[in-house]
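This note's numbering puts the sequence shown at residues 43 to 93. A short worksheet on the structure shown next.
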Amino acid sequence: MARYRNLSKKLRYAKKMKTNNPVPSWCVIRTNRRFRNHPKRRKWRSTTIKR
43 MARYRNLSKK
53 LRYAKKMKTN
63 NPVPSWCVIR
73 TNRRFRNHPK
83 RRKWRSTTIK
93 R
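See below:
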């Protein structure tokens, strides 16, 4: 990947990195494992980020 990126792209990547976290363990326990997987979870290799 290029060393220099424009700010809008950098902010978009940062937001996507933050949202790619797993579901917290306290949330899994609280919902009796009904909510285990995050619906917006993204695999870095198989999906692309919109421009």
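Where is the CB? At the ideal position from N, CA and C, for every residue including glycine.
Length of the line joining the Cα atoms of residue i and residue j
i          : j          : result
residue 61 : residue 46 : 23 Å
residue 90 : residue 84 : 9 Å
residue 88 : residue 70 : 26 Å
residue 63 : residue 48 : 24 Å
Own chain partners of residue i with C-beta closer than 8 Å, once the 5 adjacent residues on each side are dropped
i          : result
residue 77 : 65, 69 and 70
residue 79 : 65
Spatial neighbours of residue i in its chain, beta-carbon cut-off 7 Å, leaving aside the 5 residues before and after
i          : result
residue 53 : none
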